[in-house]
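Just so you know, the sequence shown maps onto residues 453 to 664 in my numbering.
Just so you know, even glycine gets a beta-carbon here, dropped at the ideal spot from N, CA and C.
Quantities reported herein were computed from a predicted structural model and do not represent experimental measurements.
What follows is a set of notes on a single structure, which appears directly below.
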Amino acid sequence: MRDFLEQEIVTGERRPGERLDESAVAARFGVSRTPVREAINQLVSAGLVDQIPNRGAFVRGMGLAELVEMFEVMAELEGMAGRLAARRIGEGERKRLREAMAACAEAAESSDTDAYYYENERFHQAIYDSCGNAFLAAEARRLHIRLKAYRRLQLRVPQRMRQSLAEHQRIVAMIEAGDGEGAEAELKSHISVQGERFADLVASLKAPLPRG
453 MRDFLEQEIV
463 TGERRPGERL
473 DESAVAARFG
483 VSRTPVREAI
493 NQLVSAGLVD
503 QIPNRGAFVR
513 GMGLAELVEM
523 FEVMAELEGM
533 AGRLAARRIG
543 EGERKRLREA
553 MAACAEAAES
563 SDTDAYYYEN
573 ERFHQAIYDS
583 CGNAFLAAEA
593 RRLHIRLKAY
603 RRLQLRVPQR
613 MRQSLAEHQR
623 IVAMIEAGDG
633 EGAEAELKSH
643 ISVQGERFAD
653 LVASLKAPLP
663 RG
């Protein structure tokens, strides 16, 4: 349910300022209002919904410039995490990173974008866990949550999933080789939405985000 609501918001099916009616959502999914409230709270944490006291939950508008800025910061955070992970990763963390990589490969092989999306999350979490900096890991996770809906859309662009897998393979190779600068560069490129990748992301939205 949370994923469906998230998808409707980022693709413009639910417009900025639209109220999320708990009763209507509960009836649609055939559930009580409790899981609906939980889903809405998760969307609030992700920055997609505003909770206004005594009024309810409303879809939050996000400008194109804000989205670009968040991706820029995410690229820097991920790059730093990769650079530190290349220096600090332990054997247990290395094993988890390899397992996450293998799970991504299996999902890509089956052309299952939804499965790949969740395994991709595990992959990036494994890098955060390997960086040896709890503050950096927490900030990266926080922004990862804010951008996860848009990153999910990216994976639905033709060939993007296989491109992402190839990028994962290069990232793992750099981390395992202890090449901090290489890992940082690969992760920044992996997250960046410049050029054609940004055009693909915007084109994937049913209603393009407002500029500014």
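- DSSP places VAL525 in the uninterrupted alpha helix (DSSP H) bounded by 516-540.
- Looking at the backbone, the Cα of GLU638 and that of MET626 are separated by about 8 angstroms.
- The continuous alpha helix (DSSP H) containing VAL496 extends over residues 485-497.
- Ranked by how close their Cα comes to the Cα of ARG540, the residues ALA586, TYR568 and MET514 have ALA586 in first place.
- For the set ALA533, ALA552, GLN606 and GLY542, the Cα lying nearest the Cα of ARG593 is the one of ALA533.
- Taking C-beta atoms as the reference points, PHE523 and VAL645 count as a pair closer than 7 angstroms.
- A distance below 6 angstroms between beta-carbons, with the five flanking residues on each side excluded, links TYR569 to the following residues of its chain, in chain order: ARG604 and LEU607.
- Under the three-state reduction of DSSP output, VAL645 falls in the coil class, being neither helix nor strand.
- DSSP places ALA509 in the strand class (E or B) of the three-state scheme.
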